[in-house]
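The opening residue of the sequence shown carries number 1262 in my numbering; numbering runs sequentially from there.
Glycine included, every Cβ here is placed at the ideal spot set by N, Cα and C.
Note that the structure is predicted; figures quoted are calculated from it, not measured.
Notes to accompany the following structure.
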Amino acid sequence: DHPRGLLLSGMNSVVTFFTHDGLLMVLQHAGVPLPTLPRPAFTLLVHSPGEFLSTVREFTATSFVAVLIARLWWIAVTVLFAIGSIIFVRRRGLSAKTAFAFMLILYFLVTTPLNGLGVNARFRMPVTPLILAFAAYPFFRKREETVYRHPLL
1262 DHPRGLLLSG
1272 MNSVVTFFTH
1282 DGLLMVLQHA
1292 GVPLPTLPRP
1302 AFTLLVHSPG
1312 EFLSTVREFT
1322 ATSFVAVLIA
1332 RLWWIAVTVL
1342 FAIGSIIFVR
1352 RRGLSAKTAF
1362 AFMLILYFLV
1372 TTPLNGLGVN
1382 ARFRMPVTPL
1392 ILAFAAYPFF
1402 RKREETVYRH
1412 PLL
């Protein structure tokens, strides 16, 4: 009955699956006091970037900085995963092994929202090595091309 809400919820789950670092939960379980945001960080960033920046400035002397750095790391990994996946498939084609890796990531991505609103990094753990491998591919492909085209090989 609510296709827009379903789409937004699905998009939120996809973003959360790829960018959630799990550090917030670790710090909370360790008893580290953490400030809370007035609204979700992504909502603040999109709807009021000024408020987001002022909130981040307020939290710079707290453990929130570690969480922010970890989230930025996973956002970068997500972007690199997309770029690396495209480059990998263009260079090497879509083999059965590559298709299986993508299908495995897709399986965990699609089944994660079934757990409800508590999506966190533990749902991505089984496929994190695959995500990191595709994210790292753009940095290692030059070396790979050199090795494969070496006249002695």
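> Among L1284, F1395, M1272 and H1281, which residue has its Cα nearest to the Cα of I1344?
Replying inline: I1344 has its Cα closest to that of F1395, out of L1284, F1395, M1272 and H1281.
>> So, at 6 Å on beta carbons, what are the nonlocal neighbours of P1374 in its own chain, with the 5 sequence-adjacent residues on each side left out?
In response: S1274
>> Counting C-beta neighbours from all protein chains within 10 Å, is the total for I1366 16 or more, i.e. buried, or is it exposed?
In response: buried
> Do you know offhand how far G1311's Cα is from V1276's?
Replying inline: In a straight line, the C-alpha of G1311 is about 22 Å away from that of V1276.
> Would DSSP call A1327 helix, strand or coil?
Replying inline: helix
> Below 7 Å between beta carbons: does that hold for L1298 and V1328?
Replying inline: With contacts defined by Cβ atoms closer than 7 Å, L1298 and V1328 do not form a contacting pair.
>> Which same chain residues end up closer than 6 Å to T1323 when comparing Cβ atoms and leaving out the 5 residues on each side of it in sequence?
In response: Around T1323: P1296.
>> Beta-carbon within less than 6 Å of H1411's beta-carbon, same chain only, minus the 5 sequence neighbours each way: which residues are those?
In response: Its pLDDT being 47, under 50, H1411 is placed unreliably in this model, and the coordinates cannot settle the point.
> Assuming V1340 contacts F1369 under a Cβ cut-off of 8 Å, what Cβ separation, rounded to an integer in Å, is found between them?
Replying inline: Rounded, the Cβ-Cβ distance is 19 Å, inconsistent with contact.
> In chain order, what residues of the same chain have a beta carbon less than 8 Å from the beta carbon of T1316, not counting five sequence neighbours either side?
Replying inline: L1298, P1299 and L1305
>> I need the DSSP call for T1297, collapsed to helix, strand or coil.
In response: The DSSP-derived three-state label of T1297 is coil.
> What distance in whole Å lies between the Cβ atoms of W1335 and F1279, which are believed to be in contact at a cut-off of 8 Å?
Replying inline: 7 Å
> Between Y1398 and the rest of its own chain, which residues show a CB-CB distance below 7 Å, the 5 nearest in sequence each way excluded?
Replying inline: G1345, I1348 and F1349
>> On the DSSP letters alone, give me the boundaries of the alpha helix (DSSP H) that P1387 sits inside.
In response: Taken as a continuous stretch (DSSP letters only), P1387 belongs to no alpha helix (DSSP H), as it is neither H nor E.
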